[in-house]
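Protein chains in written order, with the working numbering: chain A, 2 to 93; chain B, 2 to 422. The C-beta atom is built at its ideal place from N, Cα and C for all residues, glycine as well.
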């Protein structure tokens, strides 16, 4: 068993970090399921220490101007726009 | 309309090319300019990409006609294609059963003859599982062989686009078309090796050494094991040598896969806020309340589950316990595969430890469903290529055999797989 049981408060906390509003019945279900799933993840503690695999190499390209979407194309899928810009909700 | 598709289309390709006259289904998380691309999610129900994915450009130039955008589990998160916002797809090879997932529509379209070929994507088995369940061939390429430009991300360090087809040689021909470097995806390999994949489908397994990892066979359903063992006997009769190999690292692969995939998903899906594209809630409220409501309405339950668990695994106090440990497991798995693949040419196992589930049977218990991915997820964690090829039936339900090769060893697994046809 996991040392700290998952509580409804934990589920509401991560949902708030992830900006996902949950209904009460979803919180109930997720609390039970997360307990079981995180308990399974505990088996990762048995993984031995190994050398890190080969270092990865960064792939860089010259920083040159290239074609991109036009403003009209970029705005085509936006639910709301104003004067050629995306329109989001009020910040506060 | 066939239930394999979310959207039907008829987009003709170039007049000549190696795929001229062929029809193809494209999984609905691969961007098609001017044709809506939903990822199986209400979040993207009306999203119409302003550009084509690189693989879509390439199949067009090769002459294929795109006949539809194929159904899939929402954002690729599932093993049954039942989490799609449009509902499930039936399995043409086993009616009343799921087609597997998440590329279930792609496999079903090929199995039903609605398309000659299909493209899917494979993050933890999402090409190989539906190929096995629908009795068709599916290839998960080595990480970096095929461009992901235009593939809508779920867990980008794990996923590759790959082909599904009725035969190994047709799947290999499609791989020839889509493989190769792309300056719009910096993770593509500049030099993935010479030679055609289609030519590798020569039906020859003579002299090849096939390793069978005991850990990937002993947990399988009895009927699946019997079909797998008789396929192995057929390869031996054609001149292959088989040997049991030990891969202890795969015991924690499912857990490592889900921690990494969910963590990447929590980051990749943060972009859906209803401002630039996608569903937007009508609810009032400030910035945070509005985003939370938009995401609550747009995402289905499995997607929410993975975003929340990924957020949890990356959050302060838990990062080292879950995410860092999962990366350590990934390193171990890579090294374990490298070790055994230095001794044998390919590895063989059942693709799925179980035959296709009945529709609606498995949705209630997420953990049980995650464990069904035991044989496919290690390959994504190790960045290796794998193919699923039909290997008979159990009680009338298709069984798939998976062959895993060394990095960029697609030609070897294609050659061995073609010996089973």
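Could you tell me the distance, in whole angstroms, from the CA atom of residue i to the CA atom of residue j?
i              : j              : result
residue 2(A)   : residue 104(B) : A caution first: residue 2(A) carries a pLDDT of 39, below 50, which makes its placement in the model too unreliable to give a value.
residue 228(B) : residue 378(B) : 21 Å
residue 264(B) : residue 310(B) : 7 Å
residue 408(B) : residue 85(A)  : 47 Å
residue 278(B) : residue 78(A)  : 5 Å
residue 224(B) : residue 46(B)  : 40 Å
residue 68(B)  : residue 134(B) : 22 Å
residue 137(B) : residue 421(B) : 12 Å
residue 76(A)  : residue 368(B) : 40 Å
residue 87(A)  : residue 276(B) : 7 Å
residue 110(A) : residue 20(A)  : Nothing about residue 110(A) can be reported from this structure: the residues present for chain A run from 2 to 93 only.
residue 361(B) : residue 42(A)  : 26 Å
residue 37(A)  : residue 247(B) : 29 Å
residue 161(B) : residue 201(B) : 21 Å
residue 261(B) : residue 16(B)  : 43 Å
residue 95(B)  : residue 119(B) : 19 Å
residue 373(B) : residue 216(B) : 14 Å
residue 375(B) : residue 306(B) : 20 Å
residue 80(A)  : residue 51(B)  : 15 Å
residue 268(B) : residue 238(B) : 49 Å
residue 83(B)  : residue 110(B) : 16 Å
residue 35(B)  : residue 66(B)  : 15 Å
residue 25(B)  : residue 116(B) : 5 Å
residue 343(B) : residue 156(B) : 28 Å
residue 61(A)  : residue 189(B) : 12 Å
residue 148(B) : residue 14(B)  : 19 Å
residue 428(B) : residue 8(A)   : Residue 428(B) is absent from the structure shown; chain B starts at 2 and stops at 422.
residue 47(A)  : residue 222(B) : 26 Å
residue 68(A)  : residue 54(B)  : 16 Å
residue 335(B) : residue 93(A)  : 47 Å
Would you verify that the beta carbon of residue i is, or is not, closer than 8 Å to some beta carbon of chain A?
i              : result
residue 405(B) : no
residue 269(B) : no
residue 180(B) : no
residue 258(B) : no
residue 156(B) : no
residue 86(B)  : no
residue 382(B) : no
residue 312(B) : yes
residue 48(B)  : yes
residue 308(B) : yes
residue 43(B)  : no
residue 332(B) : yes
residue 70(B)  : no
residue 253(B) : yes
Would you please verify whether the beta carbon of residue i is less than 8 Å from any beta carbon of chain B?
i             : result
residue 1(A)  : The structure shown has nothing for residue 1(A), since chain A only spans 2 to 93.
residue 1(A)  : Since the displayed chain A opens at 2 and closes at 93, residue 1(A) lies outside it and no answer follows.
residue 69(A) : no
residue 53(A) : yes
residue 44(A) : yes
residue 84(A) : no
residue 16(A) : yes
residue 41(A) : yes
residue 37(A) : yes
Along chain A, which residues have their Cβ under 9 Å away from the Cβ of residue i?
i              : result
residue 32(B)  : Ordered by position in chain A, no residue passes the 9 Å Cβ test against residue 32(B), which lies about 12 Å from the chain.
residue 150(B) : Within 9 Å Cβ-Cβ: nothing; residue 150(B) doesn't reach chain A, min ~13 Å.
residue 278(B) : 77, 78, 79, 80
residue 441(B) : Since the first residue shown for chain B is 2 and the last is 422, residue 441(B) is missing from the structure and cannot be characterised.
residue 305(B) : 16, 19, 21, 23, 27, 31
Anything in chain B within Cβ reach of residue i, meaning under 9 Å, just list it in chain order.
i             : result
residue 74(A) : 51, 52
residue 1(A)  : The question about residue 1(A) has no answer, for chain A in this structure spans 2 to 93.
residue 47(A) : 252, 253
In chain A, which residues lie with their C-beta within 8 Å of the C-beta of residue i?
i              : result
residue 275(B) : 80
residue 216(B) : Ordered by position in chain A, no residue passes the 8 Å Cβ test against residue 216(B), which lies about 14 Å from the chain.
residue 335(B) : 54
Which chain B residues are close to residue i, counting only those with a beta carbon under 7 Å from its beta carbon?
i             : result
residue 20(A) : 289, 292, 293, 296
residue 9(A)  : What residue 9(A) touches in chain B: nothing, since even the nearest Cβ is about 13 Å away.
At 8 Å on the CB atoms, spell out the chain B contacts of residue i, in chain order.
i             : result
residue 99(A) : Within the shown structure, residues of chain A are numbered from 2 to 93, placing residue 99(A) beyond reach of any answer.
Please list, in chain order, the chain A residues whose beta carbon lies closer than 7 Å to that of residue i.
i             : result
residue 23(B) : Residues of chain A passing the Cβ test: none, with the nearest at roughly 30 Å.
Quiz item: What are the uninterrupted segments assigned as beta strand (DSSP E) that are 3 or more residues long and contained completely in the segment 277-353 of chain B, given in chain order?
Solution: 347-351
Self-check item: Short-range partners of chain A found in the segment 352-373 of chain B, where Cβ spacing is below 7 Å
Solution: 367, 368
Quiz item: Given a limit of 9 Å on CB to CB distance, which residues of the segment 290-303 of chain B reach chain A?
Solution: 290, 291, 292, 293, 294, 295, 296, 297, 298, 300, 302
Quiz item: For the segment 316-328 of chain B, which residues have a beta carbon sitting closer than 7 Å to at least one beta carbon of chain A?
Solution: 316, 323, 326, 327
Quiz prompt | Start-end ranges of the alpha helix (DSSP H) lying completely within the segment 24-71 of chain A, minimum 4 residues | solution = 25-42
Quiz prompt | Contiguous beta strand (DSSP E) assignments of at least 3 residues, all confined to the segment 136-187 of chain B | solution = 138-141, 161-166
Practice problem: Pick out the complete beta strand (DSSP E) segments inside the segment 188-233 of chain B, 3 residues or longer, and give them in chain order. | Solution: 210-214
Quiz prompt | Contiguous alpha helix (DSSP H) assignments of at least 4 residues, all confined to the segment 39-75 of chain B | solution = 55-62
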